[in-house]
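Under our numbering, the first residue of the sequence shown carries the number 8, and numbering increases by one thereafter. Built from N, CA and C at the ideal position, the CB exists for glycine as well.
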Amino acid sequence: MVAWNDNITPVFAFGLTTGIALTAATQYLLTALVGNNRKQIVEVPVPSEPLNGHSLVRKESGILTQHTRSLLRLEKEFTVSGQRLQTLVRHMVQEMKKGLAADGHQLKMIPSFVVRRPTGNETGSVLALDLGGSNFRVCEVYLEGQGRLRMRHRKYVVGDDLKRASGRVLFDFFAEKIEGFLDEIGADKAIERNLGFTFSFPVGQPALAQGHLLHWNKGFQCEGVVNRDVVQLLAEALNRRNLKIKVTALVNDTVGTLISHAYTDPQTHIGVILGTGTNAAYFERIEEIGKWTGPNETGEMVINTEWGAYCEPSVLPITPYDLALDRASTAPKMQIFEKMISGMYLGEIVRYVLLDLISTGELFKGRGSKKLDTPYNFETANMSRIERDHSLELSDTKAVLEDILGIPTTSIGDRRVVKTVCELVGTRAARLSAAGIAAIVTKMNRLDACTVALDGSVFEHYPHFANRMRDALREMLGITAENIILELGRDGSGQGAALIAAIHH
Ligand SMILES: *[C@@H]1O[C@H](CO)[C@@H](O)[C@H](O)[C@H]1NC(C)=O
Ligand SMILES: *[C@@H]1O[C@H](CO)[C@@H](O)[C@H](O)[C@H]1NC(C)=O
Ligand SMILES: *[C@@H]1O[C@H](CO)[C@@H](O)[C@H](O)[C@H]1NC(C)=O
Ligand SMILES: *[C@@H]1O[C@H](CO)[C@@H](O)[C@H](O)[C@H]1NC(C)=O
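Set out below in structure tokens:
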């Protein structure tokens with residue numbers, strides 16, 4: 008916990024004692040907004056007397072009151088009012104418009120080159136290749152028409168040696184596995200097939216079937232791929248094996264989620280990922296995309312919002328805990344919205360809150376554990392389990408804290424506090440996600456009817472997440488919220504990619 012002990016604590020104390028964390032957040036994040044060309048970091052002012060004075064006050068007031076007091080304070084910090092959500096929606100809509108008009112804004116609003124919706128009538132066999140990180144999938148999607156499809160797929164591990172091999176070795180490996188898969192399912196290789204390629208790395212995409220890798224991450228360092236067109240590299244590898252496969256689309260998984268759901272429900276206009284990371288894509292009218300200079304075949308195109316990068320400290324409810332998390336993260340001041348709502352970070356926010364309460368003696372009699380001191384060791388899955396715990400003694404919460412995290416002993420009061428903290432952080436995430444969706448629906452002017460396809464572990468598995476989103480939508484939009492239907496989407500990176508390839512060949 009190096010980060011905790013040096014410059015983090017003062018930030019906390021500042022927020023806790025004065026309640027003007029927002030000003031601090033604004034100052035801190037200002038540099039993120041002005042962009043990379045301003046190197047000077049605006050430092051958060053340090054109060055003369057950190058934490059000590061604060062915790063003294065609370066020690067006088069007895070265990071229960073202590074708990075109640077800190078919970079009230081946390082509740083105030085993490086609760087996002089309906090009014091605040093409305094402000095957020097208005098601001099996000101403005102930012103979406105800016106991003107559509109020109110490059111270089113908070114919301115990148117990237118044109119996906121996907122200009123068609125599936126009708127549900129498509130038929131035939133299409134392939135998808137999905138490289139997410141340490142494993143990749145080959146999928147065959149058989150479109151039956153009438154909104155029905157069948158899929159077969161196989162998962163392969165990308166070993167560490169392969170991640171460091173040359174680009175040619177990597178892409179030859181893909182081609183080899185694709186051929187092996189076709190043999191395995193007994194496919195007729197003489198039939199020409201289209202393939203959609205979901206490549207979950209940052210790419211610059213100048214066309215639907217073209218995209219150069221900007222930089223590797225997730226442990227990959229294959230030579231000869233950065234700045235090269237990954238579609239072409241895959242096509243060449245397939246050619247070397249004489250496979251009659253045409254790579255027709257390079258697909259972002261969020262765009263895939265949207266198209267995959269639209270195949271069965273034509274009212275689907277938005278796709279959202281709420282998992283380890285978060286992103287959203289939607290259908291925009293061409294005339295609204297000011298920066299688009301290409302053709303206008305269908306009048307619309309899917310826009311990849313990259314909303315995780317949204318960052319507006321004057322409207323986002325950023326707490327000192329969010330600031331601490333951000334500072335200690337590998338990419339400070341980036342992906343601020345994502346750091347407040349996605350599965351990668353929710354547990355970590357809770358961990359920061361718990362550490363603060365332990366440091367003031369308000370939790371576990373001031374005794375933490377090595378495991379809780381370790382960054383990212385309290386996972387969002389742990390939060391889910393605690394939120395799902397409705398037992399009288401909160402016995403599952405006790406198990407997570409004592410057995411998994413190694414806290415020596417916990418009282419029922421402690422466990423109630425921990426559960427409430429999880430509820431606060433989880434609820435805030437759901438409400439902010441709902442605001443993002445409300446902003447897109449408002450921007451599209453689809454308040455009359457709109458289905459949203461959502462995929463990802465947080466939406467699918469985090470308790471009450473969908474209901475909390477619906478509550479927030481009602482607070483923001485009133486009765487109109489009933490027209491927005493949130494549905495679990497599936498497999499954008501497989502089925503979605505295949506469909507995009509099928510309708511755009
Ligand atoms: C799909 O096929 C059905 C039946 O053949 C037809 O009635 C319908 O118009 C088709 N839909 C589209 C969007 O082409
Ligand atoms: C597409 O999706 C991945 C996550 O799967 C993301 O990391 C990437 O930045 C996205 N966007 C682009 C433009 O590549
Ligand atoms: C694009 O096409 C649609 C119809 O397909 C049309 O309504 C719209 O005006 C066109 N926009 C531009 C900017 O040409
Ligand atoms: C909770 O967190 C630990 C790691 O800190 C992990 O091993 C455990 O599987 C997690 N999940 C659940 C559901 O408890």
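Ligand 4 heavy atom lying under 8 angstroms from the CB of residue 432: Locating residue 432 in the sequence shown gives position 425, where the first residue counts as 1. The closest heavy atom of ligand 4 lies 8 angstroms or more from the beta carbon of residue 432.
Is residue 487 close to ligand 3? I mean its beta-carbon at under 8 angstroms from any heavy atom of the ligand. Start at 1 with the first residue of the sequence shown, and residue 487 comes out as number 480. Checking the Cβ of residue 487 against ligand 3 gives no.
From the DSSP output, which residues share a beta bridge with residue 462? On the sequence shown, position 455 is the one that residue 462 refers to. Note: residue 462 sits in a beta bridge opposite 280.
Over the uninterrupted beta strand (DSSP E) stretch that includes residue 256, give me the two end residues. Position 249 of the sequence shown, counting from 1, holds the residue named residue 256. Looking at the DSSP string, the run of the beta strand (DSSP E) that includes residue 256 is 252-258.
Who are residue 115's beta bridge partners in DSSP? The count along the sequence shown starts at 1 and reaches residue 115 at position 108. Paired residues: none, contrary to the question.
Using a Cβ-based criterion (distance less than 8 angstroms to any ligand heavy atom), does residue 557 qualify as near ligand 4? No answer is possible for residue 557: it lies beyond the span of the chain, which begins at 8 and ends at 512.
So, residue 448 versus residue 277, is the Cβ gap smaller than 9 angstroms? Here the question's residue 448 lines up with position 441 in the sequence shown. Here the question's residue 277 lines up with position 270 in the sequence shown. Cβ atoms of residue 448 and residue 277: closer than 9 angstroms.
Kindly list the residues whose CB is nearer than 7 angstroms to the CB of residue 208, restricted to its own chain and excluding five residues on each side of it in sequence; keep chain order. In the sequence shown, counting from the first residue as 1, residue 208 sits at position 201. Apart from sequence neighbours up to five positions away, the residues of its chain that approach residue 208 with a beta-carbon distance below 7 angstroms are 220, 223, 224, ordered along the chain.
Straight-line Cα distance separating residue 203 from residue 432: Sequence index remark: in the sequence shown, residue 432 carries index 425 (1-based). Sequence index remark: in the sequence shown, residue 203 carries index 196 (1-based). Near 37 angstroms, if we compare the C-alpha coordinates of residue 203 and residue 432.
Using 8 angstroms as the threshold, is the region 230-249 in touch with the region 158-177, meaning 3 or more CB pairs across them? Enough Cβ pairs lie closer than 8 angstroms, so yes.
Within 10 Å of its beta-carbon, does residue 79 have 16 or more other beta-carbons around it, so buried, or fewer, so exposed? Along the sequence shown, read from residue 1 onward, the residue named residue 79 stands at position 72. Counting Cβ neighbours within 10 Å, residue 79 comes out exposed, since fewer than 16 surround it.
Residue closest to residue 479, alpha-carbon to alpha-carbon, out of 511, 442, 333, 342: Taking the sequence shown and counting its residues from 1, the one referred to as residue 479 is at position 472. Ranking 511, 442, 333, 342 by Cα distance to residue 479 puts 442 first.
Which one or two residues does DSSP pair with residue 532 in a beta bridge? This structure leaves residue 532 out entirely; the chain is present only between 8 and 512.
What does DSSP give as the partner residue(s) for residue 132 in the beta ladder? The residue you call residue 132 lines up with position 125 of the sequence shown. 149.
Can residue 279 and residue 456 be called in contact, C-beta distance under 9 angstroms? Position 272 of the sequence shown, counting from 1, holds the residue named residue 279. Position 449 of the sequence shown, counting from 1, holds the residue named residue 456. No. Outside cutoff.
What do you get for residue 393, buried or exposed, if any count of 16 or more other CB atoms within 10 angstroms of its CB means buried? In the sequence shown, residue 393 corresponds to position 386, counting from 1. When all chains shown are included, residue 393 counts as buried.
Integer Cβ distance of residue 120 from residue 214, believed to fall under 8 angstroms: Looking up residue 120 in the sequence shown gives position 113. Looking up residue 214 in the sequence shown gives position 207. With a beta-carbon spacing of about 6 angstroms, residue 120 and residue 214 fall inside the 8 angstroms limit used to define contacts.
Less than 8 angstroms between the CB of residue 306 and some heavy atom of ligand 3, yes or no? By one-based count along the sequence shown, residue 306 stands at place 299. Checking the Cβ of residue 306 against ligand 3 gives yes.
Relative to the C-alpha of residue 558, which residue among 267, 445, 472 is closest? Limits of the chain in this structure are 8 at one end and 512 at the other, which puts residue 558 out of reach.
Could you spell out where the beta strand (DSSP E) holding residue 235 opens and where it closes? Position 228 of the sequence shown, counted from the start, is the residue given in the question as residue 235. Run containing residue 235: none; DSSP gives neither H nor E here.
Give a single yes or no on whether residue 294 has its beta carbon closer than 8 angstroms to a heavy atom of ligand 3. Looking up residue 294 in the sequence shown gives position 287. Indeed, a heavy atom of ligand 3 lies less than 8 angstroms from the Cβ.
Which of the three DSSP states, helix, strand or coil, is assigned to residue 498? What you label residue 498 is simply residue 491 of the sequence shown in a count that begins at 1. In the three-state reduction of the DSSP assignment, residue 498 falls in the coil class.
Would the beta-carbon of residue 303 be found less than 8 angstroms away from any heavy atom of ligand 3? Translated into the one-based positions of the sequence shown, residue 303 becomes position 296. The answer is yes for residue 303.
Residue closest to residue 421, alpha-carbon to alpha-carbon, out of 305, 485, 402: The residue you call residue 421 lines up with position 414 of the sequence shown. Nearest of 305, 485, 402 to residue 421, Cα basis: 402.
Return the CA-CA distance between residue 377 and residue 102, expressed in angstroms with no decimal places. For the purposes of this step, residue 377 is taken as residue 370 along the sequence shown, with counting starting at 1. For the purposes of this step, residue 102 is taken as residue 95 along the sequence shown, with counting starting at 1. Rounded to the nearest angstrom, the gap between the Cα atoms of residue 377 and residue 102 is 42 angstroms.
Give the single residue among 217, 195, 198 whose Cα lies nearest to the Cα of residue 205. Numbered from its first residue, the sequence shown carries residue 205 at position 198. Considering only alpha carbons, the answer is 217.
Rounded separation between residue 470 and residue 104 - CA only: Sequence index remark: in the sequence shown, residue 470 carries index 463 (1-based). Sequence index remark: in the sequence shown, residue 104 carries index 97 (1-based). The alpha-carbon atoms of residue 470 and residue 104 are separated by roughly 33 angstroms.
Check each candidate in 507, 293, 245 and name the one with the smallest Cα separation from residue 262. Taking the first residue of the sequence shown as 1, we reach residue 262 at position 255. Looking from the CA of residue 262, the closest CA among 507, 293, 245 belongs to 507.
Below 8 angstroms on the Cβ atoms is my guess for residue 86 versus residue 322; work out the distance and round it to an integer in Å. By 1-based counting over the sequence shown, the position of residue 86 is 79. By 1-based counting over the sequence shown, the position of residue 322 is 315. The pair is not a contact, with the Cβ atoms about 15 angstroms apart (cut-off 8 angstroms).
In terms of residues, what are the limits of the beta strand (DSSP E) holding residue 201? Locating residue 201 in the sequence shown gives position 194, counting from the first residue. Segment 200-206, the beta strand (DSSP E) holding residue 201.
Have a look at residue 111 and residue 338 and give me their C-alpha separation to the nearest angstrom. If you number the sequence shown from 1, residue 111 lands on position 104. If you number the sequence shown from 1, residue 338 lands on position 331. Straight-line measurement puts the Cα of residue 338 at about 18 angstroms from the Cα of residue 111.
Let me know the secondary structure DSSP gives residue 326 once reduced to three states. The residue given as residue 326 occupies position 319 in the sequence shown. Residue state for residue 326 is assigned as coil, using DSSP reduced to three classes.
Under DSSP, the alpha helix (DSSP H) around residue 186 begins and ends at which residues? Reading the sequence shown from its first residue, position 179 is the one you call residue 186. Segment 174-191, the alpha helix (DSSP H) holding residue 186.
Under 8 angstroms by Cβ, that's how I've got residue 161 and residue 148 pegged, so tell me the actual separation to the nearest angstrom. Taking the sequence shown and counting its residues from 1, one reaches residue 161 at position 154. Taking the sequence shown and counting its residues from 1, one reaches residue 148 at position 141. Not really, about 13 angstroms apart at Cβ, beyond 8 angstroms.
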